[in-house]
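**Q** Below is a structure I'd like to ask you about.
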Amino acid sequence: MNRLENKTVVVTGGGRGIGRAGAVAMAAEGATVAVLDLDVAAAESVVAEIEDAGGKARAWGTDITSPEQVESTVGEVIAWGGQVDVLVHSAGIVGPAMLKDMTLESFERVVKVNLTGTFVCLKALIPHWIELGHGKFVALTSPAAKRGQVGGGNYAAAKAGVVALVKTAAVELARHNVTANALLPIAATEMSANVRENPKLEEKFLGMIPLRRWAGPEEIAPSLVFLASSDSDYMTGSVLSVDGGRTI
1 MNRLENKTVV VTGGGRGIGR AGAVAMAAEG ATVAVLDLDV AAAESVVAEI
51 EDAGGKARAW GTDITSPEQV ESTVGEVIAW GGQVDVLVHS AGIVGPAMLK
101 DMTLESFERV VKVNLTGTFV CLKALIPHWI ELGHGKFVAL TSPAAKRGQV
151 GGGNYAAAKA GVVALVKTAA VELARHNVTA NALLPIAATE MSANVRENPK
201 LEEKFLGMIP LRRWAGPEEI APSLVFLASS DSDYMTGSVL SVDGGRTI
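In the UniProt record's numbering, the protein residues as written are 1 to 248.
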C-alpha cells in the first residue's frame, strides 16, 4: 500500500521484538528506516532483512540514555534520510523484583532506559519537527502502566511515565502539527521471556488475557504502521491497546 512512501522513520530498540517487526513492516510500506539499537549487530541484521526485501534501511548502535549519542545519531539520520518524519520508540528493558527486594540501582536503571530514554529521543527530534512543520511520535508502553505489575514496580512506574509524557507531548506539540500516541501491546518477546519460561507464571498471566494467548511481534506491527502513517493524522494523546483484552 506504500502508506509510508517518502517517509523516514527512526525505530529505537529496532534490533529485536516489536521494534524489529515494526521496522520491517514500515519498510514494506515504503519507509526509509533508521534502525537504532544498543546491539548494533542486531540492528544490522534487521537492515539486511529489509534490504533483502527491496527496502531501504541503515543501522546505528546508539545508547538512548545518552543525549550526546542520540543527538549525534539524529543528525546523521537527517543527513542520510533528508528528514525524520516519525519516531517509533520501542527500546526498553525489564528488571523483575518484588518491591521489598528491589534495589534502588535496579529501579533507577529501568526508569532511565524506559522513561528517561524516551524523553531523550523525543527531545532530540522536537526542534527538527518544529522546523519541518510536522512529525509523529509513537512510544511503546505496557499494560503494567494501567494495572500495575507484581514483581515489576520499576517497569510499571516507567511505562506509566511514558503515557504521561506522550500526553504532554500531544498537548504541547499539536500547534506544530506533531502528534504523539502510545501503543500498549502484549507480545512474546525477550522482555516477556521471564514469564513465558515459567509455566505457573505464564498460566496465571494468560488467565488475565481474554484471548488467552500471546501475540507475535508481527501481530503488533500493523498498529505501528497505522500510528506512523497518515491514517492516524487526527489522533493524538491516545493509548492504543493491542493486548488481547488485558486492560479491559
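Virtual Cβ for every residue (Gly too), placed ideally from N, Cα, C.
Going by the beta-carbon positions, is the gap between G22 and S90 smaller than 9 angstroms?
**A** Going by C-beta atoms, G22 is nearer than 9 angstroms to S90.
**Q** From what residue to what residue does the beta strand (DSSP E) around residue 256 run?
**A** Because the chain in this structure spans residues 1 to 248, residue 256 falls outside the shown range and cannot be described.
**Q** May I ask which residues mark the beginning and end of the alpha helix (DSSP H) holding W80?
**A** Run containing W80: 67 to 81, per the alpha helix (DSSP H) assignment.
**Q** To the nearest angstrom, report how far apart L38 and V120 are at their CA atoms.
**A** Whole-angstrom Cα-Cα distance: 15 angstroms.
**Q** So, with DSSP's three-state summary, where would you put H89?
**A** Looking at H89 - three-state DSSP - the assignment turns out to be strand.
**Q** Excluding the 5 residues preceding and the 5 following T189 in the sequence, name in chain order all residues of the same chain whose CB lies nearer than 8 angstroms to its CB.
**A** Excluding sequence neighbours, T189 sits near R16, G17, I18, P217.
**Q** Taking M102 as the reference, which of P185, G152, R20, F226 has the closest Cα?
**A** Selected option, being the one with the closest Cα: G152.
**Q** Going by DSSP, what residue range makes up the beta strand (DSSP E) through V35?
**A** From DSSP, the beta strand (DSSP E) with V35 extends over 32 to 37.
**Q** For E32 and A57, I'd like the C-alpha separation in whole angstroms.
**A** Looking at the sequence shown, residue 32 is not Glu but Thr. About 6 angstroms.
**Q** Would you report the Cα separation of A34 and V9, rounded to the nearest angstrom?
**A** Computed Cα separation, rounded: 6 angstroms.
**Q** Taking the continuous beta strand (DSSP E) assigned at V242, which residues delimit it?
**A** From DSSP, the beta strand (DSSP E) with V242 extends over 239 to 242.
**Q** Could you spell out where the beta strand (DSSP E) holding P185 opens and where it closes?
**A** Where P185 is concerned, the enclosing beta strand (DSSP E) stretches over 178 to 185.
**Q** Using the beta-carbon count (16 or more within 10 Å), is T141 buried or exposed?
**A** Answer is buried; the Cβ neighbour count reaches 16.
**Q** If we count Cβ pairs, one from each stretch, closer than 8 angstroms, do we get three or more for the region 238 to 245 versus the region 175 to 194?
**A** In short, these stretches touch, since the Cβ pair count reaches three.
**Q** In whole angstroms, give me the CA-to-CA distance for V171 and G237.
**A** Answer to the nearest angstrom: the Cα atoms are 7 angstroms apart.
**Q** Quick check on DSSP: helix, strand or coil for L140?
**A** Reduced to three states, the DSSP call for L140 is strand.
**Q** Whose C-alpha, out of W80, V77, Q149, is nearest the C-alpha of V94?
**A** Among W80, V77, Q149, the Cα nearest to that of V94 is on Q149.
**Q** Considering just the uninterrupted stretch of the beta strand (DSSP E) at A169, what are its terminal residues?
**A** Counting along the chain, A169 falls outside any beta strand (DSSP E), though it belongs to the alpha helix (DSSP H) covering 153 to 173.
**Q** Output the distance between the C-alpha atoms of S72 and A215, rounded to the nearest integer angstrom.
**A** Their Cα atoms are separated by approximately 35 angstroms.
**Q** Report, in whole angstroms, the separation of the C-beta atoms of G133 and T65, which I expect to be a contact under 8 angstroms.
**A** With 8 angstroms as the limit, G133 and T65 do not qualify as a contact, their Cβ atoms being about 29 angstroms apart.
**Q** Kindly indicate the opening and closing residues of the beta strand (DSSP E) around K56.
**A** Where K56 is concerned, the enclosing beta strand (DSSP E) stretches over 56 to 61.
**Q** How long is the line joining the alpha carbons of V177 and K200, rounded to whole angstroms?
**A** Looking at the sequence itself, residue 177 is Asn, so the reference to Val does not match. Using only the alpha carbons, I get a separation of about 47 angstroms.
**Q** Alpha carbons only, please: which of A228, W80, A48 is nearest the one belonging to E5?
**A** Out of A228, W80, A48, A228 has the C-alpha closest to the C-alpha of E5.
**Q** Do V138 and V195 count as a contact pair if the criterion is CB distance below 9 angstroms?
**A** Not in contact: V195 and V138 (Cβ atoms no closer than 9 angstroms).
**Q** From the DSSP output, which residues share a beta bridge with T8?
**A** In the DSSP output, where bridge partners are listed per residue, T8 has T32.
**Q** Alpha carbon to alpha carbon, what distance is there between L99 and L211?
**A** If you take the alpha carbons of L211 and L99, they lie about 29 angstroms apart.
**Q** Is it right to say Y155 is buried, meaning 16 or more other beta carbons lie within 10 angstroms of its own, or is it exposed?
**A** When all chains shown are included, Y155 counts as buried.
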